[in-house]
Each structure stands twice: as structure tokens, then as C-alpha cells.
Amino acid sequence: MIEQAKNTNFQLRRSDSFNSNVDINKYNKSWAEVLSNMNRYKIIDIRDPVNYQMYRVKGSLNLRSLEEIKQKNINGPLIISCYKGRSSPSFALRLREEGYEAYSVKKGIEGFKEETNFKII
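Quick note: the sequence shown uses the UniProt record's numbering, first residue 1, plus one each step.
Encoded structure:
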């Protein structure tokens, strides 16, 4: 199951339909922006389940593919978080191609640990 999720996530980020000329950082947000409007966003953490279980932002969901997001019927603005903010921009952009309001968070979960006093569970 984990391997399938990895492959799906990889395919989502490497889709042939993905326009590589687009600025993938256009939809980045800082943790300060996200945390000031927590009731507005749903945080989607795309890290592997083992690392997600070790530490995560309270209220975040560990979903690693478009299919999982569709199955869970997730609506509203999505904040995509990864390890260091390298994978989440392309994932968020791909979700935007599918009609979602999605943003990447700068520096990923590592940035959250650096920039905030909020608890990671």
C-alpha cells in the first residue's frame, strides 16, 4: 500500500500533462499566513506515513495522492506540506489543474518547526 501511494504520488508530480513552464512557487504561503487562518485551510501532509506519525501539524491529514483526496471528498482551500517545501509546490499546482484551491507551504514541516512556537504532535 505504501509503495502504491509512493508511485501514485510520484506520477501525480511527474504527470505528462504538467506544464513545466509554470512557476511552481507562485502559490506558496508562509506558515504565519496559514496559522493565522487555520479555520480556513485543510492541511494535507504528503510525507510518508512513518514520518507523519512521528510528528505532524495538529489537524493535518496524511494524503499522498489526488485519488486519496478525491476519495475523502476534501473541500475548501488546501495547504500542501512536505518535508522541506520541495515536493509540495508541484503537488499543489497539479491539484490546481484539477480544480482545487491548493497552496504549498514554504519550507514544509521543517519550516513549521523552525518558524513557529506551535506544537507538533
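C-beta atoms are modelled at their ideal positions from N, C-alpha and C, and glycine is treated no differently.
Spatially closest choice to residue i from the options, by CA coordinates
| i | options | result |
| --- | --- | --- |
| residue 67 | 53, 46, 34, 37 | 46 |
| residue 57 | 96, 82, 101 | 82 |
Bridge partners - residue i, DSSP secondary structure assignment
| i | result |
| --- | --- |
| residue 62 | 45 |
| residue 29 | 105 |
| residue 35 | Answer is none; residue 35 lacks a bridge partner. |
| residue 78 | 42, 102 |
Through-space distance from residue j to residue i, alpha-carbon basis
| i | j | result |
| --- | --- | --- |
| residue 20 | residue 50 | In this prediction, residue 20 has a pLDDT of 44, which is less than 50 and means its spatial position is unreliable; what the coordinates show is noted afterwards. Between residue 20 and residue 50, the C-alpha separation is close to 30 Å. |
| residue 44 | residue 64 | 8 Å |
| residue 90 | residue 80 | 10 Å |
| residue 99 | residue 31 | 23 Å |
| residue 97 | residue 70 | 14 Å |
| residue 111 | residue 55 | 13 Å |
| residue 37 | residue 114 | 19 Å |
| residue 102 | residue 53 | 23 Å |
| residue 72 | residue 29 | 24 Å |
| residue 48 | residue 40 | 25 Å |
| residue 74 | residue 93 | 16 Å |
Supposed close pair residue i, residue j - CB separation, criterion 8 Å
| i | j | result |
| --- | --- | --- |
| residue 116 | residue 61 | Not a contact, Cβ separation roughly 19 Å. |
| residue 76 | residue 105 | Contact flag wrong, Cβ pair sits at about 15 Å. |
| residue 88 | residue 59 | With 8 Å as the limit, residue 88 and residue 59 do not qualify as a contact, their Cβ atoms being about 17 Å apart. |
Test: residue i CB closer than 8 Å to a CB of chain D
| i | result |
| --- | --- |
| residue 100 | No chain D is present in this structure, which holds just one protein chain. |
Cβ-Cβ distance between residue i and residue j below 8 Å
| i | j | result |
| --- | --- | --- |
| residue 42 | residue 78 | yes |
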